[in-house]
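K.L.:
My structure is below; once you've seen it, I'll send some questions.
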């Protein structure tokens, strides 16, 4: 048996988590049994949805357990294999992140397709965040050419993918982000307009940016952004509800002044999770792979170095420290 | 030219309307031109949606104008006709309510089908309220046999139709209403359980009444009821958003503590208006006519007498004074 370091949940946070909720500890790795592999992680993903798993509540994935290693998306290299399905040197995606090495059955590791993209993209535009953007925008919200699309957290991992997919598909895009630097990047990504939510009320800015209203809202934020979307929705508008990061730590206590517009405008709101679309991943790889190859979709990462950096990278998501995907490089 | 009395909008209410917003005045009736008819109203409908038309805001129907007669659903008898399409004595439905007599082109009056039902049902279960219940439940929420359905304002005009349609289609139904008498009637209509929202928090009562959660929520109320539905929704739950009467006078200032469940449970919320389904009215008449004939759907009206009673009947909708459909009999 050999050891590796893994981040453990030390205690459940109440409200915003802090470093005391995490502990880096040595764990023993199982010896390799028949059909298993050992993977050395190279990139770890930290994502807002992980906050939900720190609560002791039933949801679509089980909560993290106190005293146990955390889990999350990771990309690594196979360094030892007793499975015919994976060879030493293969690059794999898996969900045993927050640790240096992982051992498990080969079926829990997915060899990434040979598409000539940097490894870290399998945690970004070709991974969970890209797929979330793709299926949320095109399947859930049924956004189509000519639509006016509003997306919040547009400088984030999912939002920046939404902006670019929407532009690749011929839509008009308004993105919101916090601060001038992020807004400039959102415009660089192709957005027709960018709203700085720190600079004034979202509803007022959205009414100015979209005087004809919006057909689609891709929600990563909830709260005032969602209310602004209610205010500006055109008839038959579709909202894809992907995240409500404003509420992850505090719980929701927003009043929605404009929610009644759902009726007159016949707004459809739909919550979703990307893994309901797993059977359609080939469509996603085909389209997203094409957009990346042609330069229509670009990636940007905010990278922290070393296993020690993981919890702070996660915490920084909630103060909006990232541009694009937040990753930890081992 | 001859005269008739009609209720006019005297002023726009701010918040809850009162009698000062209404004025009963004589209006001149146009002389009958070619293709027109004169109708003596027998039944007037007062409905919560009319509150929205008292505001000076753009919506799916134009606002009422100050100093002009109010409009609304009505059933009457043709008393004079210069149109080949309608004969004296025909019973017609039309939207020139809030008045004793109406004159207009025959195309604005719909002869009610000969189904042997009392005239007032064309303003209730066979009218706008029944069609709203039918299309909202079956088309918008796509409720089906075996579903667990929650409906608010279940003793109201639309809600009582929802309860009965859902039972006729083999669903489990939980209705909410204000007070023991209304709840008893909701159970009489066939609901498996009735929640008295005046007796305690809706979310707690709904969790007890639907320990397995709900598949469908038919919303007439908004606010705490909608939040309770978020809390109790099962995966892939569908919400038909028909009305938010709690907010019509005050504007919405509710916090939705459980709205984030939209994501994990993949809830779909859809606002709707019955008139988007006008082309499917034959389906509605066939099904609803059958249920009425077989006794599966029963009607109950709260009837006020005389044109003078109309505004107070309307105002009483907001204190929940009605059981079933609120009507004014002339």
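Residue numbers (the numbering used here), protein chains in the order written: chain Z, 1262 to 1591; chain L, 1262 to 1591.
Here a beta-carbon is modelled for each residue, glycine too, at the ideal position from N, C-alpha and C.
Along chain Z, which residues have their Cβ under 9 Å away from the Cβ of residue 1399(L)?
P.N.:
Here the premise fails: no neighbours, minimum Cβ distance about 16 Å.
K.L.:
Give the straight-line distance between the Cα atoms of residue 1530(Z) and residue 1543(Z), rounded to the nearest whole angstrom.
P.N.:
26 Å
K.L.:
What are the residues in the stretch 1296 to 1330 of chain Z lying within 8 Å of chain L by C-beta distance?
P.N.:
1313, 1320, 1321
K.L.:
Checking the sheet assignment: what are the DSSP bridge partners for residue 1468(Z)?
P.N.:
Assignment of beta-bridge partners to residue 1468(Z) by DSSP yields no partner.
K.L.:
Using DSSP with H/G/I as helix, E/B as strand and the rest coil, what is residue 1474(L)?
P.N.:
Three-state result, residue 1474(L): coil.
K.L.:
In the DSSP assignment, what residue or residues form a beta bridge with residue 1302(Z)?
P.N.:
1337(Z)
K.L.:
Please report the residue range of the alpha helix (DSSP H) in which residue 1393(Z) lies.
P.N.:
1389 to 1396
K.L.:
Under 8 Å: do the stretch 1512 to 1529 of chain Z and the stretch 1374 to 1389 of chain Z share three or more Cβ pairs, one atom per stretch?
P.N.:
no
K.L.:
If contacts are defined as beta-carbon pairs under 8 Å, then residue 1566(Z) and residue 1586(Z) qualify, I think. What distance do you get, rounded to the angstrom?
P.N.:
Residue 1566(Z) to residue 1586(Z), Cβ: 15 Å. No contact.
K.L.:
Could you work out which residues of chain L lie near residue 1542(Z), taking near to mean beta carbons separated by less than 7 Å?
P.N.:
Ordered by position in chain L, no residue passes the 7 Å Cβ test against residue 1542(Z), which lies about 18 Å from the chain.
K.L.:
Identify each residue in the stretch 1527 to 1560 of chain L for which the Cβ-Cβ distance to at least one residue of chain Z is less than 9 Å, and report them in chain order.
P.N.:
For chain Z, the residues of the stretch 1527 to 1560 of chain L that bring a beta carbon within less than 9 Å of one of its beta carbons are 1527, 1528, 1529, 1530, 1531, 1532, 1533, 1534, 1537, in chain order.
K.L.:
Run down chain Z in chain order and give the residues with a C-beta less than 7 Å from the C-beta of residue 1513(L).
P.N.:
1516, 1517, 1518, 1520, 1521
K.L.:
Interface residues of chain L around residue 1525(Z) at Cβ under 8 Å?
P.N.:
Residues of chain L passing the Cβ test: 1313, 1320, 1321, 1532, 1534.
K.L.:
Would you give the residue range spanned by the beta strand (DSSP E) that residue 1562(Z) belongs to?
P.N.:
It spans 1562 to 1566 - the beta strand (DSSP E) in which residue 1562(Z) sits, taken as one unbroken run.
K.L.:
Could you work out which residue in 1488(L), 1419(L), 1276(L), 1479(L) is closest to residue 1403(L) when comparing CA atoms only?
P.N.:
1479(L)
K.L.:
For residue 1519(L), collect the residues of the same chain with a Cβ closer than 7 Å to its Cβ; drop the 5 residues on either side in sequence, then sort them by chain order.
P.N.:
1488, 1491, 1492
K.L.:
Within a Cβ cutoff of 7 Å, which residues of the same chain sit near residue 1314(L), ignoring the five residues on either side of it in sequence?
P.N.:
Excluding its 5 nearest sequence neighbours in each direction, residue 1314(L) has C-beta neighbours in its own chain below 7 Å: 1322, 1324, 1325, listed in chain order.
K.L.:
Please list, in chain order, the chain Z residues whose beta carbon lies closer than 8 Å to that of residue 1468(L).
P.N.:
Going along chain Z, no residue has its Cβ under 8 Å from residue 1468(L), so there is no contact; the nearest lies around 14 Å.
K.L.:
Does the stretch 1351 to 1360 of chain Z come within contact of the stretch 1291 to 1303 of chain Z, defined as at least 3 CB pairs closer than 8 Å?
P.N.:
yes
K.L.:
Along chain Z, which residues have their Cβ under 9 Å away from the Cβ of residue 1436(L)?
P.N.:
The contacting residues do not exist; residue 1436(L) stays about 20 Å from chain Z at best.
K.L.:
According to DSSP, is residue 1515(Z) helix, strand or coil?
P.N.:
coil
K.L.:
By Cβ distance, which residues of its chain are closer than 8 Å to residue 1266(Z), with the 5 residues on each side in sequence left out?
P.N.:
1285, 1286, 1287, 1288, 1360, 1361, 1568
K.L.:
Does residue 1275(L) pass the burial test, meaning 16 or more other C-beta atoms within 10 Å, or should it be called exposed?
P.N.:
exposed
K.L.:
Am I right that residue 1457(Z) and residue 1484(Z) are in contact with their C-beta atoms under 8 Å? What's the rounded C-beta distance?
P.N.:
About 16 Å; that fails the 8 Å criterion.
K.L.:
Is the CB-CB distance between residue 1349(L) and residue 1342(L) below 8 Å?
P.N.:
yes
K.L.:
Name the two residues that bound the continuous alpha helix (DSSP H) containing residue 1576(L).
P.N.:
1571 to 1577
K.L.:
Could you pull out every residue in the same chain whose Cβ sits closer than 6 Å to the Cβ of residue 1444(Z), ignoring the five residues on either side in sequence?
P.N.:
1438, 1455, 1457
K.L.:
In chain Z, what lies closer than 9 Å to residue 1276(L) by C-beta?
P.N.:
Near residue 1276(L) there are no residues of chain Z at all, since even the closest Cβ is about 15 Å away, more than 9 Å.
K.L.:
Mind listing the chain Z neighbours of residue 1475(L)? Cutoff is C-beta to C-beta under 7 Å, in chain order.
P.N.:
Simply none; closest approach about 15 Å.
K.L.:
For residue 1384(Z), name the three-state secondary structure that DSSP assigns.
P.N.:
helix
K.L.:
Anything in the stretch 1499 to 1510 of chain L with a Cβ closer than 9 Å to a Cβ of chain Z? List those residues in chain order, please.
P.N.:
1500, 1502, 1503, 1504, 1505, 1508, 1509
K.L.:
Using the Cα positions of residue 1421(L) and residue 1450(L), report the straight-line distance between them to the nearest angstrom.
P.N.:
7 Å
K.L.:
Tell me the residue span of the alpha helix (DSSP H) that contains residue 1268(L).
P.N.:
Per DSSP, residue 1268(L) belongs to no alpha helix (DSSP H); it is in the beta strand (DSSP E), 1263 to 1270.
K.L.:
What distance in whole Å lies between the Cβ atoms of residue 1590(L) and residue 1564(L), which are believed to be in contact at a cut-off of 8 Å?
P.N.:
Indeed they touch by this definition, with Cβ atoms about 5 Å apart.
K.L.:
Taking just the CA atoms, how far does residue 1465(Z) sit from residue 1602(L)?
P.N.:
For residue 1602(L) there is no data in the structure shown, the boundaries of chain L being 1262 and 1591.
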